[in-house]
């Protein structure tokens, strides 16, 4: 998470991360507690496993649009994922260099929603008649960074937001937040012992008052046992809807990942382990539950915890 090189990609990632950090209080809270505990010297020492974005599967938007930004800066599209119950597709993207985070982009299958939900989404997105990314100068990092917080469509009404949320909380989150950064991820395995395991790190998080997503258990474990993930629950933030209406809704959150060595490297000295020795990619079953960090069933737990 060190952006000192000032390459175009560094500038873009910093432009994405800074507003997210300001609005997600848990980012600073966790970082300061890690510094106080001696786990890191400064926030920039945290290794960012991946960042994630949510999109809508409608013409001129979605994965095929947003991925252009990262492909232009050296990322490579990797595995695809499908989440049947949530009606989502996703891909992850490998960075041009190991010091950069992976990218995870998901997309809602809008055409599989009810006609009512589709009509709400298309009411706001139908005016986007060309791909907005095509209008960007992709080698201008300032312009690209600002794009992630650009209002691509009008703010919805509160009634429409709530109507969407009844069917798909993912859609409601995106229709309000657009391409806002959904989460970044602390690489727990890179921390000093014993906090390089999610069991110990989760205990540390709960000691400092971080509320964890319990959907599928606090620790989501891949089938091979080599990828373990947890996440905080999104805090409620003030949202301003059309016609001056206001309500607190789920913001963004923080994820925590522990990647274990691949079988052929399990006996390697831990100090020698590098990214290429560890479990790569993602796991659908894990991600399916991580999505719920912004869902009401989880978020309501934070109302009395602050």
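In the numbering used here, the protein residues as written are 17 to 322.
Positions of the beta carbon are idealized from the N, C-alpha and C atoms, including for glycine.
Can you tell me whether residue i is helix, strand or coil according to DSSP?
i, result
"residue 291", "helix"
"residue 94", "strand"
"residue 325", "Residue 325 is absent from the structure shown; the chain starts at 17 and stops at 322."
"residue 268", "coil"
"residue 256", "strand"
"residue 31", "helix"
"residue 148", "helix"
"residue 298", "coil"
"residue 76", "coil"
"residue 221", "helix"
"residue 230", "coil"
"residue 305", "helix"
"residue 101", "coil"
"residue 26", "helix"
"residue 273", "strand"
"residue 61", "helix"
How big is the Cα-Cα spacing for residue i and residue j?
i, j, result
"residue 69", "residue 278", "27 Å"
"residue 265", "residue 65", "26 Å"
"residue 124", "residue 134", "11 Å"
"residue 156", "residue 89", "11 Å"
"residue 36", "residue 268", "8 Å"
"residue 246", "residue 53", "20 Å"
"residue 317", "residue 229", "9 Å"
"residue 304", "residue 298", "11 Å"
"residue 56", "residue 205", "13 Å"
"residue 138", "residue 73", "10 Å"
"residue 31", "residue 160", "9 Å"
"residue 207", "residue 220", "13 Å"
"residue 48", "residue 61", "12 Å"
"residue 114", "residue 25", "13 Å"
"residue 310", "residue 292", "31 Å"
"residue 93", "residue 107", "7 Å"
Find the nearest neighbour of residue i within the set the options, judged by alpha-carbon distance.
i, options, result
"residue 91", "299, 118, 257, 310", "118"
"residue 96", "114, 102, 120, 89", "120"
"residue 34", "162, 151, 104, 316", "162"
"residue 233", "225, 218, 86", "218"
"residue 67", "285, 28, 175, 101", "28"
"residue 50", "241, 209, 242", "209"
Note the first and the last residue of the continuous alpha helix (DSSP H) segment covering residue i.
i, result
"residue 43", "41-53"
"residue 162", "157-163"
"residue 135", "131-141"
"residue 182", "174-183"
Return the first residue and the last residue of the beta strand (DSSP E) that residue i is part of.
i, result
"residue 105", "104-110"
"residue 246", "243-247"
"residue 200", "199-203"
"residue 213", "No beta strand (DSSP E) contains residue 213, which DSSP labels as neither H nor E."
"residue 120", "118-124"
What do you get for residue i, buried or exposed, if any count of 16 or more other CB atoms within 10 angstroms of its CB means buried?
i, result
"residue 9", "The structure shown does not extend to residue 9, since the chain spans only 17 to 322, so no value can be given for it."
"residue 193", "buried"
"residue 225", "exposed"
"residue 167", "exposed"
"residue 322", "Note that residue 322 scores 46 on pLDDT, short of 50, meaning its location in the model is unreliable; the coordinates nonetheless yield the value given after this. When all chains shown are included, residue 322 counts as exposed."
"residue 262", "exposed"
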